[in-house]
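For reference, the structure is listed below as structure tokens.
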Ligand SMILES: Cc1cc2nc3c(=O)[nH]c(=O)nc-3n(C[C@H](O)[C@H](O)[C@H](O)COP(=O)(O)OP(=O)(O)OC[C@H]3O[C@@H](n4cnc5c(N)ncnc54)[C@H](O)[C@@H]3O)c2cc1C
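In the working numbering, the protein residues as written are 1 to 552.
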């Protein structure tokens with residue numbers, strides 16, 4: 001790979017990177033290199049939807065602790081991300097949720113003209129081949145197959161009914177929502193998912209499996225920095241098992257390493273807040289104070305009940321159950337392994353302002369350690385409230401100049417009291433829906449927060465500070481915009497550096513009110529479109545692309 005020259009180098013083969021690389025390689029005259037730090041995605045635990053918990057904490061994920069959080073008594077939050085071809089989309093819960101149309105209007109109102117709902121909707125449609133829905137909201141011939149999850153646990157059905165029975169705590173009805181990505185997000189229902197016929201659909205499978213000969217995909221390749229000469233990105237430094245290499249980009253480098261690693265790589269390359277770079281002795285190529293700032297996420301708190309009967313998914317991954325489920329999935333693509341685990345849930349407008357602030361995910365298993373292996377011994381049902389509004393802003397900073405080290409992440413979680421107010425209401429709503437007849441008949445007692453935590457605000461707040469975790473929807477750390485804080489402009493070019501874009505969840509100026517993968521894919525589709533339209537660089541006579549693909 002050393003000294004090879006490509007037209008485009010895409011850094012990070014995650015949800016966004018696979019889209020960008022796949023789309024750019026549709027032009028057969030362009031040589032594209034995709035570099036992914038983690039391994040390949042050939043694993044039954046990736047392909048079978050219900051297997052993803054098994055990958056958390058393995059070599060296919062980054063796991064590290066954040067900084068002590070001031071508003072949570074110095075508690076540190078755990079962080080988990082995909083580190084594998086497909087990135088988060090190879091290890092996540094597969095919920096297909098775009099956010100609210102007002103989210104993109106918010107982006108536009110923040111100065112991001114061209115990113116309003118009407119502007120982004122065609123790119124959501126372009127990526128999608130929906131197995132159930134079509135126009136005006138859905139696409140039917142994009143690379144990603146989106147479908148109703150094949151497996152419906154009886155507790156998922158019970159939740160959807162219970163939410164309708166319960167209504168909101170103030171008596172307003174909660175509607176059944178057949179399509180959270182259609183005209184309205186509010187309501188309870190079954191999620192559509194990144195799955196098809198009992199298998200996970202990642203962007204790696206959807207965009208890279210098309211055997212493009214001009215696309216080289218290199219896994220186990222960690223980019224340590226972007227090489228900048230005369231304020232232009234000319235290539236990357238990359239570490240593989242065979243050593244350190246330098247690869248050149250004739251046209252552009254596109255950074256898609258995710259909301260924690262994209263700012264880390266920029267800062268290691270001298271692009272970031274000058275004072276912070278100077279502290280670490282890194283030569284400043286561009287003083288961009290916004291790099292690593294504006295970190296936003298959703299926070300989630302477990303609310304679990306112990307079941308009367310042993311009907312949860314707990315234990316389905318062990319012993320005889322594991323063998324039976326594995327056989328059933330291998331033969332028919334059905335059974336517990338075909339479950340996305342997060343099969344259904346709801347979006348709730350708790351203050352009646354017309355936009356949901358709380359998402360409840362219904363799980364036929366405990367949510368006590370989201371990101372941990374399944375709990376070993378208790379059959380639980382869980383309704384974990386996730387706060388969709390994010391008011392507090394955190395930051396990502398370098399720990400050292402060593403590219404192998406994870407970044408320092410401070411969430412400043414609950415620094416803004418509105419987040420806590422919404423989260424408290426989320427816990428109350430979860431408890432309220434669990435009391436509705438269709439669920440109550442399954443439930444023995446509340447395990448979390450448990451009887452010791454009353455419905456009083458101060459009790460619930462204390463519980464939330466002790467037990468909440470992130471919803472794993474990191475965004476905003478290389479924000480797009482038009483002010484001095486912006487890291488990328490409205491075509492996703494890094495400000496002040498030629499030939500370098502960022503295209504992943506980090507460019508969202510404000511995290512969407514929903515799971516983040518679908519919006520990230522939309523951003524990646526747009527990035528590829530901007531690049532195609534810009535006609536960046538020159539088309540040169542190419543050497544045999546096949547020889548390049550085999551050389552690395
Ligand atoms: C456990 C979990 C569950 C989730 N559930 C859902 C869900 O159900 N629905 C949903 O919409 N969203 C979900 N998300 C969030 C979603 O997966 C992310 O928003 C999405 O993956 C972000 O895409 P990205 O391209 O920005 O980053 P990623 O998908 O994280 O991709 C970044 C890639 O860059 C690679 N990389 C990093 N550093 C380097 C380097 N130095 N050199 C080379 N490569 C590098 C990483 O290994 C990774 O593959 C979940 C996330 C997690 C972790």
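Glycine included, every Cβ here is placed at the ideal spot set by N, Cα and C.
| said: Starting from residue 358, trace the beta strand (DSSP E) in both directions and tell me its first and last residue. | reply: Judged by DSSP secondary structure, residue 358 falls within the beta strand (DSSP E) whose first and last residues are 358-363.
| Identity of the residue in 24, 379, 252 and 60 nearest residue 445 by Cα | Of 24, 379, 252 and 60, the smallest CA-CA separation from residue 445 is found for 379.
| Taking just the CA atoms, how far does residue 250 sit from residue 28? | Approximately 15 Å between the Cα atoms of the pair.
| query | Does the Cβ of residue 331 have 16 or more other Cβ atoms within 10 Å, making it buried, or fewer, making it exposed? | reply | Result: exposed.
| query | Is residue 83 near ligand 1, going by C-beta to nearest heavy atom under 7 Å? | reply | Residue 83 has its CB nearer than 7 Å to a heavy atom of ligand 1.
| Can at least three beta-carbon pairs, one atom from the segment 307-326 and one from the segment 124-140, be found at a separation below 8 Å? | Result no; under three Cβ-Cβ pairs closer than 8 Å.
| Buried versus exposed call for residue 405 [16 or more other C-beta atoms within 10 Å across all chains shown] | Exposed: under 16 other Cβ atoms inside 10 Å.
| If you drop the 5 nearest sequence neighbours on each side, which residues of the same chain put their C-beta closer than 7 Å to that of residue 84? | Within the same chain, residue 84 has close Cβ partners 38, 39, 41, 60, 90 and 91.
| query | Between which two residues does the alpha helix (DSSP H) containing residue 103 stretch? | reply | Segment 101-109, the alpha helix (DSSP H) holding residue 103.
| task | Tell me the start and end of each unbroken beta strand (DSSP E) in the segment 156-201 that is at least 3 residues and wholly inside, in chain order. | result | The qualifying runs are 187-190.
| request: May I ask whether a heavy atom of ligand 1 can be found less than 7 Å away from the beta carbon of residue 37? | output: When distances are taken from the beta-carbon of residue 37 to the heavy atoms of ligand 1, the shortest one is below 7 Å.
| query | Around the C-beta of residue 483, are 16 or more other C-beta atoms found within 10 angstroms, so that it is buried, or is it exposed? | reply | Residue 483 comes out exposed.
| query | Under the criterion of a Cβ to heavy atom distance below 7 Å, does residue 151 qualify as lining ligand 1? | reply | No - ligand 1 has no heavy atom lying nearer than 7 Å to the Cβ of residue 151.
| Leaving out five residues before and five after residue 433 in sequence, what residues of the same chain have Cβ atoms less than 6 Å from its Cβ? | Cβ-Cβ distances below 6 Å link residue 433 to 162, 163 and 166 in the same chain, with the five nearest sequence neighbours on each side left out; the list follows chain order.
| message | On the CB-based measure, 16 or more other CB atoms within 10 Å of its CB, does residue 534 come out buried or exposed? | response | Label assigned to residue 534: exposed.
| field | Start-to-end residues for the alpha helix (DSSP H) that takes in residue 96 | value | Bounds of any alpha helix (DSSP H) do not take in residue 96, whose DSSP letter is neither H nor E.
| Are the C-beta of residue 499 and some C-beta of chain D separated by less than 8 Å? | In summary, chain D is missing from the structure at hand, where a single protein chain is found.
| message | Between the segment 406-425 and the segment 269-277, can you find at least three pairs of beta-carbon atoms closer than 8 Å? | response | Not touching, per the Cβ criterion.
| Is any heavy atom in ligand 1 found nearer than 7 Å to the beta carbon of residue 553? | Since the first residue shown for the chain is 1 and the last is 552, residue 553 is missing from the structure and cannot be characterised.
| query | DSSP on residue 471, reduced to helix/strand/coil? | reply | Here residue 471 sits in coil by DSSP.
| task | Counting only the same chain and skipping the five closest in sequence on each side, list residues whose C-beta sits under 6 Å from that of residue 188. | result | Contacts found: 160, 163, 174 and 346.
| query | What residue does the beta strand (DSSP E) around residue 234 start on, and which one ends it? | reply | Where residue 234 is concerned, the enclosing beta strand (DSSP E) stretches over 232-240.
| query | In chain order, what residues of the same chain have a beta carbon less than 6 Å from the beta carbon of residue 545, not counting five sequence neighbours either side? | reply | Any reading at residue 545 is ruled out, since the residue's pLDDT is 27, under 50, leaving its predicted position unreliable.
| request: Inspect the beta-carbon positions of residue 426 and residue 411 and report whether they are closer than 8 Å. | output: Contact: no.
| query | What residues in its chain sit with their C-beta under 8 Å from that of residue 322, if we drop five residues either side in the sequence? | reply | So the qualifying residues of the chain are 316.
| Residue closest to residue 201, alpha-carbon to alpha-carbon, out of 324, 111, 521 and 453 | Per the Cα distances, 521.
| said: Rounded to whole angstroms, what is the Cα-Cα separation between residue 24 and residue 235? | reply: Looking at the two C-alpha atoms, the distance is approximately 17 Å.
| said: Given 7 Å as the limit, tell me if residue 282 has its C-beta closer than that to any heavy atom belonging to ligand 1. | reply: Not under cutoff, so the answer is no.
| request: Might you give, ordered along the chain, the residues of its own chain that have their beta carbon closer than 6 Å to the beta carbon of residue 182, omitting 5 neighbours on each side? | output: 137.
| query | With a cut-off of 8 Å, do at least 3 Cβ pairs link the segment 281-301 to the segment 471-489? | reply | Because the criterion of three Cβ pairs below 8 Å is met, the segment 281-301 and the segment 471-489 touch.
| Exposure label - residue 373; buried when at least 16 CB within 10 Å | Model confidence at residue 373 stands at a pLDDT of 47, short of 50, so the residue's coordinates are unreliable and nothing is read from them.
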